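Novice: Numbering (the working numbering), first residue to last: 107 to 408. Every residue gets a Cβ at the ideal spot worked out from N, C-alpha and C, and that includes glycine. Everything numeric in this text was worked out from a predicted model, so none of it was measured. Structure in structure tokens, see below.
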Amino acid sequence: MPDLSKIFTKIWIKRKIRRIYFLTRLSDVMDWITIRRKEPLVPLTRDIWGGPALNSLAFYKWSLGDIELFKNLAKIKPNYQVLDVGCGIGRCALGFSRFLDNSGSYDGFDARFQDIEICKKFEHRYTNFKFQHVDLKNSFYNPNGKLNSSEFSFPYDSNKFDFVFLISVFTHMFPDDIKNYTKEISRVLKKGGRCFITFFIKDIDIIEEDNTLNKKSLKPAFSFKNKRENHYIEDTSKPEFAVAYKLEYIKEMLSTNNLTLKVPPLPGLWKGKGDYMTILKSSLKAAPNFTRFQDIVVVEKI
Ligand SMILES: C[S@@+](CC[C@H](N)C(=O)[O-])C[C@H]1O[C@@H](n2cnc3c(N)ncnc32)[C@H](O)[C@@H]1O
107 MPDLSKIFTK
117 IWIKRKIRRI
127 YFLTRLSDVM
137 DWITIRRKEP
147 LVPLTRDIWG
157 GPALNSLAFY
167 KWSLGDIELF
177 KNLAKIKPNY
187 QVLDVGCGIG
197 RCALGFSRFL
207 DNSGSYDGFD
217 ARFQDIEICK
227 KFEHRYTNFK
237 FQHVDLKNSF
247 YNPNGKLNSS
257 EFSFPYDSNK
267 FDFVFLISVF
277 THMFPDDIKN
287 YTKEISRVLK
297 KGGRCFITFF
307 IKDIDIIEED
317 NTLNKKSLKP
327 AFSFKNKREN
337 HYIEDTSKPE
347 FAVAYKLEYI
357 KEMLSTNNLT
367 LKVPPLPGLW
377 KGKGDYMTIL
387 KSSLKAAPNF
397 TRFQDIVVVE
407 KI
């Protein structure tokens with residue numbers, strides 16, 4: 107007598123696999139209809155992870171919103187030499203590919219090999235775009251990485267860049283690592299060049315209440331209750347999932363490296379009232395305004 111439960115399990119698994127396959131194909135078709143026939147460099151929905159953009163079209167709009175933010179806060183120009191530290195799957199590269207001219211350039215590096223593979227398609231289309239995988243250890247993003255961020259030298263000449271930015275990168279790194287990165291940022295920036303960094307700033311003022319947020323939950327997205335030396339973490343089991351700093355600590359680290367604040371730090375929505383996803387989505391709607399999920403710091407090299 108055949109084992110019926112095994113047979114049914116096999117059929118059930120096969121059906122699930124086919125279903126996932128068709129759904130995935132369907133999402134590819136939707137991507138093509140909504141945006142990829144016009145902008146083939148937009149990643150497929152199935153390659154998009156993290157963040158509020160849950161499909162290719164939203165991801166594309168978000169990338170354009172980021173460029174508006176940089177225009178406003180960092181006065182970027184089309185001929186700029188730009189560095190994207192922790193570039194992920196190239197969201198900002200997408201916006202910059204429409205903004206930079208041939209005399210501008212775009213470099214990005216990231217600890218995740220698979221993200222850089224996705225970014226490589228920019229290199230095929232634009233000779234002035236370059237991406238590198240660096241095997242940096244991060245317990246959340248690249249747990250088997252071989253290199254320490256606290257000792258890593260950026261693979262670029264000194265005084266090369268007009269604009270360096272880090273979106274949601276220092277929010278996943280520890281004090282010795284961000285100290286070294288800040289030193290490296292200052293080294294590779296030209297004098298007068300600007301840097302845009304997002305942080306979770308533990309003691310920044312809470313942003314005015316946003317009426318679009320979900321009022322049912324009265325907690326901010328993160329509490330950062332766990333104090334460690336010079337930083338705070340959200341989740342002790344995944345320490346680099348979210349890391350916060352005090353404003354004084356950040357200011358001191360920046361000024362030690364000749365980086366001076368251009369505008370007062372801009373508070374993000376993470377401290378607002380609402381569950382994580384609701385807050386994150388409302389930060390997407392806010393683009394291209396100044397408000398984002400994380401706090402924003404813009405500095406200039408003196
Ligand atoms: C939340 S994602 C943000 C990605 C991208 N900046 C964006 O806004 O779409 C954080 C990124 O930082 C990268 N990362 C983590 N530690 C890093 C490090 N030490 N150096 C460079 N990148 C790092 C991760 O691999 C991940 O791609």
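Compare the Cα-Cα distances from His230 to each of Phe305, Asp241, Leu147 and Gly210 and report the closest residue.
Specialist: The candidate whose alpha carbon is nearest that of His230 is Leu147.
Novice: With distances taken Cα to Cα, identify the nearest neighbour of Lys144 among Arg152, Asn248, Trp155 and Leu163.
Specialist: Checked all of Arg152, Asn248, Trp155 and Leu163; the closest Cα to Lys144 is Leu163.
Novice: Taking just the CA atoms, how far does Lys116 sit from Met279?
Specialist: If I take the Cα positions, the gap works out to 44 Å.
Novice: Could you tell me the alpha carbon to alpha carbon distance between Gly210 and Gly299, rounded to whole angstroms?
Specialist: Taking the straight line joining both Cα atoms gives about 14 Å.
Novice: By Cβ distance below 8 Å, which residues in the same chain neighbour Phe205 in space, the five residues on each side in sequence not counted?
Specialist: Once the five neighbours on either side are set aside, the close Cβ partners of Phe205 are Ile173, Ile182 and Pro184.
Novice: Which class does Tyr212 belong to by DSSP, given the choice of helix, strand or coil?
Specialist: Tyr212 falls in the strand class under three-state DSSP.
Novice: Among Ser343, Asp282, Ile307 and Pro326, which residue has its Cα nearest to the Cα of Glu335?
Specialist: If we check each option's Cα against that of Glu335, Asp282 comes out closest.
Novice: Let me check you understand the geometry: is the CB of His278 closer than 7 Å to at least one non-hydrogen atom of ligand 1?
Specialist: Checking every heavy atom of ligand 1 against the Cβ of His278, one is found closer than 7 Å.
Novice: Excluding the 5 residues preceding and the 5 following Asn265 in the sequence, name in chain order all residues of the same chain whose CB lies nearer than 6 Å to its CB.
Specialist: Excluding residues within five positions, the ones whose Cβ falls inside 6 Å are Lys296.
Novice: To the nearest angstrom, report how far apart Ser255 and Asp137 are at their CA atoms.
Specialist: Taking the straight line from one Cα to the other gives about 36 Å.
Novice: In whole angstroms, what is the alpha-carbon distance linking Phe269 and Ile119?
Specialist: Taking the straight line from one Cα to the other gives about 50 Å.
Novice: With distances taken between CB atoms, is the gap from Ile303 to Cys198 smaller than 8 Å?
Specialist: No, the pair does not count as a contact, with Cβ atoms beyond the cut-off.
Novice: What residues in its chain sit with their C-beta under 8 Å from that of Lys236, if we drop five residues either side in the sequence?
Specialist: Ser211, Tyr212, Asp213, Gly214 and Glu229.
Novice: Give the single residue among Ser203, Phe258 and Lys308 whose Cα lies nearest to the Cα of Lys289.
Specialist: Checking every option, the nearest Cα to that of Lys289 belongs to Phe258.
Novice: Using the rule of at least 16 other Cβ atoms within 10 Å of the residue's Cβ for burial, across every protein chain shown, is Thr233 buried or exposed?
Specialist: Per the 10 Å Cβ criterion, exposed.
Novice: Helix, strand or coil: how does DSSP classify Asn320 here?
Specialist: Reliability fails at Asn320, whose pLDDT of 46 lies under 50, so the model's placement of it is uncertain and no value is given.
Novice: In angstroms with no decimal places, state the Cα-to-Cα distance between Asn443 and Asp216.
Specialist: As displayed, the chain neither begins before 107 nor continues past 408, which places residue 443 out of reach and without an answer.
Novice: Tell me whether Glu286, by its Cβ, gets closer than 7 Å to a heavy atom of ligand 1.
Specialist: The amino acid occupying residue 286 in the given sequence is Asn; Glu does not appear at that position. Every heavy atom of ligand 1 is 7 Å or more from the Cβ of Asn286, so no.
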